[in-house]
Structure formats: C-alpha cells, structure tokens
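Residue 1322 is where the sequence shown starts when you use this note's numbering, and the numbers rise one by one after that. For every residue, glycine included, the Cβ atom is placed at its ideal position computed from N, Cα and C. Here the structure is a predicted model, which means the values were calculated and not measured. First the structure, in the form of structure tokens, and then the observations on it.
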Amino acid sequence: MKAWNTTHLALCLALLYFSLQMYVICNFDVSVPDGERQSQPSVSFLASSAAQEEPIIDLEVEIQKGYAYANSIQNFDRHLKFVHIPKAAGSALEEVAGRQAKIDWGSCLFNHRPKRRGNVCRYPPGQFEWPRSIGWWHIPPSLFPVLGVNPYDDADLFVVVRNVSERLLSEYYYQCWKDKKNSDCDSSRMDQAAYLNEWLTDKLTRVSTMKRPTNRTAPDDYLHHNGHFTPQYDFVVSPLGVRMVDYVLHMDRLPEEFPALMQAYGLNISLPAQKTNTVRNHTTDLHVDSIDSKVQELIRKVYRDDLELTR
C-alpha cells in the first residue's frame, strides 16, 4: 500500500510538472532570454477575439458609391485626341471630328503640306511646319517629341485597331488603285488572288527584316510605305513596354464603342454613313480568305502582337 502511494505521488508530480511546462510554452515567448520575455495572448483571449465578427462589406454598395463619385466629377480638364493608325478608319474619323465639332484629330494635329482638302483641319497655330518626308501622324506616339514638338501632350489618347488581314487587304487595294501615283502595284492584276499573295509576300518579307519593335527608336524605322505597314501594337505600347494610349477601339465594333467614348467626353461627334469604296466592290473584290497559308504564316510572324490586340 505504501509503495502504491509513492508511485501515485510520483505520477501526480510528473503531470504537474508537465502542465507547468505547457503553460509556460503557451503563454510566454520562450525564444527571448530571461528577463526580456513578454507575455503572449492567452488561448481564452484569442478565442474571445475570434468570436467578435468583423462588419460585412456589401461589395455592390461599394461599387455603386464608386460610380456615384466618378459621375459627380463634371470635368477632368483633359482633352481627347485621336492617334491615326494607317488603314484603320483614320481619315474618316478626322473628317467627322473636323466637320461636326471643329476638333483637330490625327493628321489635323500637324501643320503640314499638302493640306487636307475641304477645310477639315484647322491646323495648329504658328509657323512650324513638319518635313514632308513622311506623314508624321503615321509615327507611333512613343517617338514624340520629334523636332521638339509633341502634339499629343496633355491629352487622353485613343486609337482604332483593325483586323490584321483586313488592314493588309485594304492597303493592297489602296496601293493598286489605278489612279494612285508612285504605286509599285500592277493594277491590271489587282483582282487576281495569286498576285495578291505575291504582292503581300514581297511587302511582308521587307517588313520582317526591319528592326524588331523593341529596338525601334527613331522615325526612320517607320518610313517604309509611309508607315502603312507599321504594326498597330507599336502605336499602343512603346518599345519599353509602356502603354501610350488610353483607349483602344476596334474597327469591327466601332458603332458601339465610338459613341460610348464620345458620350464619356461630352463630344457631339457621330460616325459617318458607311463609306462606299470606289475601288472595291462585292463582285470583283478579293477577300481575306484569298490570302494563302504561306502569307498567313508571314502575317503571324510579323504581326503577332497585332493578332492578340485585335482579337
């Protein structure tokens, strides 16, 4: 009986010692030297804290508050300017802006010669005139200021991008138009699919040998055909990967996207009636499916970023 009591007492002391050790571990930072230990929150305190529920945030309400704040701002004091990408509705938009709202967009931002016909552009004031070696509005905005002038300063910018194959086909007919001067196209073969592919192969091979977009640093890199083959992506993103325009509209969705942008900026400008192309028509015209697989492969090589941008 005496032996059992001694054993029982030893077990009780061992359990007590173990309990004290666990208490120290749970309530003190044992990694800190003696004399510098700080008590930690007890388990009961943590449990009581967890029991206090945080207020629930209604996401829909917060979104509506954000919209209300944005709509309360009447004027950001920012003008909207259009960056002209060749063969992507540029001339049409410049014309409606000039005629309907007396606003200079695209080529109208540059005091250049020859002047646009029909009094579409007011042109910037002053005597400075741009050199005639290229349409300077065909140069991506990341390369400005050029010659100490930047017409895109202090403005929000937008562009219109176009399906890559449609853009190339439009350029083909533009160059092959029989009344077009200085064209290297044989207009007598203009509506032959074989000639279209031959012509595109020649042009895209030249473009593919130009400097890669990440290395383009000067307007000279964009002089090929007055910039008409410059990737659309280069107008949107700089060689250093900086986005240069605020809004990217899509030509095939322009009837929906353009009015929404004009409304956001309080501009009373509407799209023109659908343009009737005097060169192309539904009976003689070639289509994107006339472009063969080899040329399509070249397009994917040269305009990889454009294909992603225009999806």
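Do you know how far the Cα of residue j is from the Cα of residue i?
i: V1609; j: L1430; result: 33 Å
i: V1382; j: F1403; result: 35 Å
i: Q1553; j: L1628; result: 9 Å
i: Y1473; j: I1377; result: 45 Å
i: K1423; j: K1615; result: 45 Å
i: V1623; j: S1559; result: 17 Å
i: S1611; j: Q1617; result: 10 Å
i: F1366; j: A1581; result: Low local confidence applies: a pLDDT of 47 at F1366 is under 50, so the model's placement there is unreliable, and no value is given.
i: L1401; j: E1492; result: 27 Å
i: L1570; j: R1437; result: 24 Å
i: P1435; j: M1583; result: 29 Å
i: E1416; j: A1515; result: 35 Å
i: Q1513; j: D1613; result: 12 Å
i: G1587; j: L1561; result: 33 Å
i: Y1495; j: F1449; result: 30 Å
By a C-beta neighbour count over all protein chains shown, 10 Å radius and 16 as the cutoff for buried, is residue i buried or exposed?
i: N1518; result: buried
i: R1453; result: exposed
i: K1323; result: The predicted model places K1323 with a pLDDT of 40, which falls under 50 and marks its position as unreliable; any figure quoted below should be read in that light. Exposed, because fewer than 16 other Cβ atoms sit within 10 Å of the Cβ of K1323.
i: V1563; result: exposed
i: S1463; result: buried
i: K1524; result: buried
i: G1387; result: exposed
Do the CB positions of residue i and residue j come within less than 9 Å of each other?
i: T1551; j: P1461; result: yes
i: I1620; j: V1485; result: yes
i: A1418; j: M1572; result: no
i: W1498; j: S1508; result: yes
i: P1445; j: D1425; result: yes
Please determine, among the options, the residue with the shortest C-alpha to C-alpha distance to residue i.
i: V1566; options: Q1385, D1477 and G1427; result: D1477
i: F1556; options: Q1584, R1443 and I1406; result: I1406
i: V1470; options: G1447, H1549 and D1512; result: G1447
i: C1442; options: I1455, H1459 and S1428; result: S1428
i: N1589; options: Q1421, S1412 and E1450; result: Q1421
i: W1458; options: A1413, N1547 and L1630; result: N1547
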